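Engineer: Protein chains in written order, with full-length UniProt numbering: chain A, 1 to 298; chain B, 1 to 298.
If you scroll down you'll find the structure; I have some questions about it.
Number of protein chains: 2
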Amino acid sequence: MTTATLRTAVVIGCGATGTSVALALTGAGVEVTLLDDDPRATAEAVALGAGTAWTPEHPPADLVVVATPPSAVVDALYRAQSQGLGHVYTDTAGAKDVIVSDAELRGCDLKGYVPGHPLAGPDAPGRADADATRFTGRIWTLCPYETTPAWALRTLDALIEACGAQRLDLSPQIHDRVVAELSHAPHLVAAVLSSRFADSSLGFLGLAEQGLRDAVRTAGGDPWAWGDVLAHNAGPVADVLDRIAGQLSRAAAILREGDESAPLELALTLEEGRRGQAALDGTGDVRTPRDASAAGRV
Amino acid sequence: MTTATLRTAVVIGCGATGTSVALALTGAGVEVTLLDDDPRATAEAVALGAGTAWTPEHPPADLVVVATPPSAVVDALYRAQSQGLGHVYTDTAGAKDVIVSDAELRGCDLKGYVPGHPLAGPDAPGRADADATRFTGRIWTLCPYETTPAWALRTLDALIEACGAQRLDLSPQIHDRVVAELSHAPHLVAAVLSSRFADSSLGFLGLAEQGLRDAVRTAGGDPWAWGDVLAHNAGPVADVLDRIAGQLSRAAAILREGDESAPLELALTLEEGRRGQAALDGTGDVRTPRDASAAGRV
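Below, the structure is given as structure tokens:
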């Protein structure tokens with residue numbers, strides 16, 4: 001069956017991302033069934049009005065959304081396809097290249113599978129609140145294969161529309177480099193920065209400025225979920241981390257040398273930082289960037 | 001003259017910090033005169049109601065506040081003392097150990113000089129807005145000498161009270177370590193992080209989450225002012241940067257090794273980061289921490 005519409009969906013994984021997708025789909029009139037290894041998670045999502053619990057009596061759905069942590073995606077996808085849960089499959093994992101490779105190695109059916117990731121939304125691991133509007137106005141990246149049929153993409157378009165998001169196609173490699181720069185590496189930097197304060201006295205921390213609290217806020221995310229995501233985007237994240245570590249080591253060396261030119265040399269880095277901050281800030285509070293199609297140019 | 005009160009003050013340096021101090025003092029009924037190498041800066045501060053321009057006819061003031069960038073403090077202090085501008089002297093520079101050493105080497109009169117730094121306020125270099133309430137509820141660190149007479153400290157107390165701040169005595173070394181951890185090194189980290197985006201396409205930056213914008217906001221500060229401050233706190237800042245660079249390099253190595261234990265090893269760092277973030281957040285939005293006296297325990 002090659003339906004272009006989206007009337008029924010299975011959501012596998014009832015965490016914040018899966019439940020949010022299910023809530024949005026239900027709100028858009030899609031008949032959603034829910035699946036989670038943890039029956040309590042399923043029950044909670046059902047209680048929120050995200051859909052009904054999946055049972056084997058259900059016919060294959062138009063779409064299966066695998067919303068598990070990255071390390072569970074390929075297994076869940078393979079099992080779901082083996083059981084014939086649906087016609088089109090996607091996932092929401094924050095790293096794509098390894099998952100795409102593993103899915104092929106594992107022997108998943110790639111024809112109906114479109115790797116995806118709702119990218120620039122507050123679906124960061126560790127944010128716990130399911131919300132039907134979680135993806136409204138956000139970018140939803142897809143990594144279609146060259147062979148992905150149009151009918152599968154139409155189903156994905158219907159999913160993204162139901163969630164109020166905007167589709168952006170990226171190759172898995174570009175996707176992973178983008179999120180390494182904008183999300184994964186900065187998260188680790190924030191964690192390393194704030195890890196210094198895990199055992200500090202309250203009096204000491206009371207001397208911190210608000211800017212520091214803002215700088216490390218993202219480090220409050222779930223360590224296990226983030227560890228899983230980072231490990232699935234290892235190469236690109238390691239590249240960014242090594243580069244940042246190198247820049248910090250050079251700044252430290254400039255400081256230790258103590259030449260009179262140190263303020264000037266540091267100011268060059270700081271000036272570049274200010275330009276970057278201004279550029280980033282210029283794109284702030286824009287849920288739907290106008291030229292997102294240019295995102296591939298990292 | 002050993003007055004314990006504060007009726008007259010000279011503020012040297014009419015940037016945001018100096019003008020804010022002058023506005024607060026004027027508001028508290030102190031007669032303030034203003035001095036800046038740039039007559040336009042003086043005129044602007046006068047126009048804001050921060051005081052009147054200093055002239056040689058003025059008798060020595062109860063207090064002289066040197067509010068120049070760190071690299072200009074010792075010269076300004078020496079000149080002011082040579083001219084007999086006042087009875088008690090302080091400064092507001094964000095690094096103290098080097099300035100205290102240089103002041104001694106230069107032959108400044110240390111008896112009436114109390115090194116100071118309004119610490120946990122929005123007086124970060126590069127924030128341009130002078131404001132009489134800039135230091136209200138903030139910590140004002142002093143680094144008194146063992147020989148500093150009580151009357152000089154009483155004048156400083158009057159300054160800090162007029163600014164609505166809370167006094168915290170630290171040694172120059174502890175002060176510098178504290179600000180290196182909480183402000184100087186995090187600023188450079190933010191600058192390095194955002195420097196990546198100085199030449200990125202808008203489309204790429206539109207994919208960034210709000211958390212990244214918050215993380216690098218501080219990098220918007222004035223590069224020259226920050227370069228000067230950082231160079232004056234070189235050792236402590238370099239120590240923190242090297243440590244952070246080491247942690248990031250280790251995380252990169254864990255990712256590159258690609259062991260199955262990578263998510264676990266990363267989660268340990270991330271968990272420590274989460275604890276630190278929670279600890280920091282627990283002290284947020286508190287302008288006057290209750291146990292700030294414990295701040296020496298870094």
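For each residue, glycine too, the CB sits at the ideal point set by N, CA and C.
Nothing here was measured: the structure is a model prediction, and the numbers come from that model.
Return no unless some Cβ of chain A is closer than 7 Å to the Cβ of Asp-176(B).
Structural biologist: It does not; no Cβ of chain A falls within 7 Å.
Engineer: Considering only residues of the segment 72 to 122 of chain B, which uninterrupted beta strand (DSSP E) runs meet the minimum length of 3 residues and lie entirely inside it, listed in chain order?
Structural biologist: Segments of the beta strand (DSSP E) lying fully in the segment 72 to 122 of chain B: 86 to 91 and 116 to 118.
Engineer: Go ahead and label Arg-134(B) buried or exposed: buried means 16 or more other beta carbons lie within 10 angstroms of its beta carbon, across all protein chains shown.
Structural biologist: Label assigned to Arg-134(B): buried.
Engineer: Does any C-beta atom of chain A lie closer than 7 Å to the C-beta of Arg-275(B)?
Structural biologist: Chain A, which has a Cβ nearer than 7 Å to the Cβ of Arg-275(B), makes this yes.
Engineer: Just tell me which of Thr-136(A), Ala-198(A) and Ile-174(A) has its CA closest to the CA of Glu-272(B).
Structural biologist: Glu-272(B) has its Cα closest to that of Ala-198(A), out of Thr-136(A), Ala-198(A) and Ile-174(A).
Engineer: Take Leu-142(A) as the anchor and find which of Gly-94(A), Leu-23(A), Ala-162(A) and His-187(A) has the nearest alpha-carbon.
Structural biologist: When only C-alpha atoms are compared, the closest one is Gly-94(A).
Engineer: Excluding the 5 residues flanking Asp-169(A) on each side, which residues of the same chain have their C-beta closer than 8 Å to its C-beta?
Structural biologist: These residues qualify, in order along the chain: Thr-141, Leu-142, Cys-143 and Pro-144.
Engineer: For Arg-213(A), does the three-state DSSP call read helix, strand or coil?
Structural biologist: In the structure shown, Arg-213(A) sits in a helix (DSSP, three-state: H, G or I).
Engineer: Work out the CA separation of Gly-258(B) and Gly-164(A) for me, nearest whole Å.
Structural biologist: Approximately 36 Å, taken between the alpha carbons.
Engineer: Counting along the chain, where does the alpha helix (DSSP H) carrying Arg-7(B) start and finish?
Structural biologist: First-last for Arg-7(B): undefined, no H or E at that position.
Engineer: Using the rule of at least 16 other Cβ atoms within 10 Å of the residue's Cβ for burial, across every protein chain shown, is Arg-196(B) buried or exposed?
Structural biologist: Buried, because 16 or more other Cβ atoms sit within 10 Å of the Cβ of Arg-196(B).
Engineer: Would you kindly work out how many angstroms separate the C-alpha atoms of Glu-161(A) and Tyr-89(A), rounded to a whole number?
Structural biologist: Cα-Cα distance, rounded: 16 Å.
Engineer: In chain A, which residues lie less than 8 Å from Pro-263(B) when you measure between Cβ atoms?
Structural biologist: What Pro-263(B) touches in chain A: Ser-71, Trp-224, Gly-227, Asp-228, Leu-230 and Ala-231.
Engineer: Using beta carbons (cut-off 7 Å, strictly below), is Arg-106(A) in contact with chain B?
Structural biologist: For Arg-106(A), the answer is no, since every Cβ of chain B falls outside 7 Å of its Cβ.
Engineer: Would a C-beta distance cut-off of 7 Å place Leu-193(B) and Leu-119(A) closer than the cut-off?
Structural biologist: Taking 7 Å as the Cβ cut-off, Leu-193(B) and Leu-119(A) do not qualify as a contacting pair.
Engineer: Can you tell which of Ala-158(B), Asp-38(B), Leu-34(B) and His-187(B) has the C-alpha that lies nearest to the C-alpha of Ala-53(B)?
Structural biologist: The shortest Cα separation from Ala-53(B) among Ala-158(B), Asp-38(B), Leu-34(B) and His-187(B) belongs to Leu-34(B).
Engineer: Closer than 7 Å by beta-carbon distance: list the chain B residues that pair up with Gln-247(A), in chain order.
Structural biologist: Result: Val-192.
Engineer: The beta strand (DSSP E) with Trp-140(B) in it runs from where to where?
Structural biologist: First-last of the beta strand (DSSP E) with Trp-140(B): 139 to 142.
Engineer: Applying the criterion that 16 or more other CB atoms from any shown protein chain within 10 Å of the CB defines a buried residue, is Leu-105(A) buried or exposed?
Structural biologist: Exposed is the call here.
Engineer: For the putative contact between Gly-86(B) and Pro-60(B), defined by C-beta atoms under 8 Å, what is the C-beta separation to the nearest angstrom?
Structural biologist: Confirmed, about 5 Å.
Engineer: Using CA atoms only, rank isn't needed, just tell me which of Ser-71(B), Ala-219(B), Glu-265(B) and Asp-176(B) is closest to Pro-223(A).
Structural biologist: It is Glu-265(B) whose Cα lies nearest to the Cα of Pro-223(A).
Engineer: Pull up the DSSP beta-bridge partners for Glu-31(B), would you.
Structural biologist: Note: Glu-31(B) sits in a beta bridge opposite Thr-8(B).
Engineer: In angstroms, rounded to a whole number, what distance separates the CA positions of Ser-71(A) and Ala-234(B)?
Structural biologist: One C-alpha to the other measures close to 43 Å.
Engineer: For Leu-168(B), report the span of its alpha helix (DSSP H) as first-last.
Structural biologist: Looking at the DSSP string, Leu-168(B) is not in any alpha helix (DSSP H); the run it does join, the beta strand (DSSP E), is 166 to 169.
Engineer: Using a beta-carbon distance cut-off of less than 9 Å, what residues from the segment 198 to 213 of chain B approach chain A?
Structural biologist: Residues Ala-198, Asp-199, Ser-200, Ser-201, Leu-202, Gly-203, Phe-204, Leu-205, Gly-206, Leu-207, Ala-208, Glu-209, Gln-210, Gly-211, Leu-212 and Arg-213.
Engineer: Using a Cβ-Cβ cutoff of less than 6 Å, which residues in the same chain neighbour Val-66(A) once the five nearest sequence positions on both sides are dropped?
Structural biologist: Closer than 6 Å at the Cβ level, and outside the excluded window around Val-66(A), lie Ile-12, Val-73, Ala-76, Leu-77 and Asp-91.
Engineer: Could you name the residues of chain A that Ser-20(B) contacts, counting a contact when the two beta carbons are closer than 9 Å?
Structural biologist: Going along chain A, no residue has its Cβ under 9 Å from Ser-20(B), so there is no contact; the nearest lies around 15 Å.
Engineer: Quick test of the definition: if touching needs 3 or more C-beta pairs under 8 Å, does the segment 33 to 50 of chain B touch the segment 172 to 181 of chain B?
Structural biologist: Judged by Cβ distances under 8 Å, the segment 33 to 50 of chain B makes no contact with the segment 172 to 181 of chain B, as fewer than three pairs qualify.
Engineer: My guess is that Ala-215(B) and Pro-186(A) are in contact by the Cβ rule of under 8 Å, so how many angstroms apart are they, rounded?
Structural biologist: The Cβ separation is near 6 Å, so the contact holds.
Engineer: Counting only Cβ pairs nearer than 8 Å, list the residues of chain B close to Pro-118(A).
Structural biologist: Per Cβ cutoff of 8 Å: no residues; Pro-118(A) is ~11 Å from chain B at best.
Engineer: Based on the DSSP secondary-structure assignment, which residues constitute the bridge partners of Leu-63(B)?
Structural biologist: Paired residues: Ala-9(B) and Val-88(B).
Engineer: Can you list, in chain order, the residues of its chain whose CB lies under 8 Å from that of Val-10(B), leaving out five sequence neighbours each side?
Structural biologist: Same-chain partners within the cutoff: Val-32, Thr-33, Leu-34, Leu-35, Trp-54, His-58, Ala-61, Leu-63, Val-64, Val-65, Ala-80, Leu-85 and Gly-86.
Engineer: Using a C-beta cutoff of 7 Å, does Val-98(A) count as contacting chain B?
Structural biologist: Chain B contact via Cβ: absent.
Engineer: Distance, Cα to Cα, Phe-204(B) vs Gly-227(B)?
Structural biologist: Going by the C-alpha atoms only, they are around 29 Å apart.
Engineer: What residues from chain B crowd round Asp-129(A), counting only those whose CB sits closer than 8 Å?
Structural biologist: Neighbours of Asp-129(A) on chain B: none; closest Cβ ~15 Å, over 8 Å.
Engineer: Who are the near neighbours of Leu-255(B) in its chain, counting only those whose CB is closer than 8 Å to its CB and skipping five residues on each side?
Structural biologist: Once the five neighbours on either side are set aside, the close Cβ partners of Leu-255(B) are Ala-262 and Leu-266.
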